[in-house]
Ligand code: ADP
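Numbering (the working numbering), first residue to last: 51 to 299.
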């Protein structure tokens with residue numbers, strides 16, 4: 051028999067340093083960026099359009115600065131999720147009303163791109179957990195489907211319950227993802243096709259956020275996708291995470 055003992059103190063320490071570093075940098079960059087965005091807005095408001103090149107430069111600076119703000123917001127959210135010292139067991143998230151709100155937001159996001167967005171809900175829809183985190187995870191999956199599915203495509207959101215627990219699923223008939231990318235999709239900044247992404251925006255952190263939120267709720271993420279046919283992202287929550295609706299017991 052062989053027993054292997056490994057001291058992981060140093061590894062854990064380095065991991066903690068990495069987390070703190072990312073959180074601190076993101077936090078420190080927020081204020082200077084807010085100032086830049088503020089002045090750019092003032093400059094653009096005062097612009098009379100007499101110098102189109104200057105106006106275009108200002109617009110591009112504003113776009114990129116807003117993108118940086120989005121990145122910082124997602125990085126800060128990720129480091130909060132990773133630090134893991136919030137408790138969310140007491141709060142109850144009403145999946146049904148949350149998803150109805152999200153469906154409306156997705157239709158507004160799709161707008162003239164004309165996606166068909168359907169929602170199907172059944173079973174117990176009350177889930178123990180942080181409303182803000184779960185809403186953020188579900189919206190990341192749904193908005194990705196809107197972003198990546200071709201105009202007029204079909205998107206379906208589903209919530210159901212069985213003896214294993216509660217399940218949330220977003221499926222689309224979009225471009226799909228090659229199998230070799232699937233295991234790496236939830237890594238930070240991992241993109242399937244960087245050129246496709248520059249057109250759709252996004253920070254590359256969405257699925258990493260989804261993974262962390264699910265981890266904090268004892269759930270897991272399952273991804274199925276076929277190139278050219280579409281993708282399906284499923285979130286599974288264990289039965290003990292389901293809360294009984296008042297009056298049903
Ligand atoms: P991003 O901000 O780039 O959307 P995500 O972490 O949310 O970052 O997603 C990672 C990558 O997974 C995306 O860049 C995209 O290539 C791919 N992806 C995510 N959802 C879908 C989808 N519904 N259909 C096709 N590709 C998707």
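Quick reminder that beta carbons are idealized off the backbone N, C-alpha and C, glycines included.
In the DSSP assignment, residue 211 falls within the beta strand (DSSP E) that extends over 204-212.
Between the C-alpha atoms of residue 92 and residue 102 there is a straight-line separation of about 17 angstroms. Here the alpha carbon of residue 282 sits roughly 19 angstroms from the alpha carbon of residue 262. Between residue 259 and residue 144, the beta carbon gap of about 21 angstroms keeps them out of contact (Cβ cut-off 8 angstroms). Counting other Cβ atoms within 10 Å of its Cβ, residue 239 stays below 16 and is therefore classed as exposed.
Residue state for residue 261 is assigned as helix, using DSSP reduced to three classes.
Taking C-beta separations shorter than 6 angstroms and ignoring five residues to either side along the sequence, residue 150 has no partners in its chain. DSSP places residue 98 outside both helix and strand once states are collapsed to three, so it counts as coil. Between the ligand ADP and residue 256, a heavy atom-to-CB distance of less than 7 angstroms is present.
Shown here, residue 178 sits in a strand according to DSSP, grouped into three states. Fewer than three beta-carbon pairs drawn from the segment 51-59 and the segment 77-87 are found closer than 8 angstroms, and the two stretches are therefore not classed as touching. The segment 270-280 makes contact with the segment 213-225: 3 or more CB pairs, one atom from each, lie closer than 8 angstroms. When beta bridges are read from the DSSP output, residue 167 appears opposite 205.
Taking a cut-off of 8 angstroms on C-beta distances, the segment 101-119 does not touch the segment 56-65, as fewer than three cross pairs fall below it. DSSP places residue 146 inside the alpha helix (DSSP H), whose first and last residues are 145-160. For residue 172, the secondary structure class from DSSP, reduced to helix, strand or coil, is coil.
Only buried fits residue 220, as 16 or more other CB atoms lie within 10 angstroms of its CB. About 4 angstroms separates the Cβ atoms of residue 285 and residue 218, confirming a contact at the 8 angstroms cut-off. In this structure, residue 216 sits near residue 287, with a CB-CB distance shorter than 8 angstroms. The beta carbon of residue 96 sits closer than 8 angstroms to none of the beta carbons in its chain outside the five residues before and after it.
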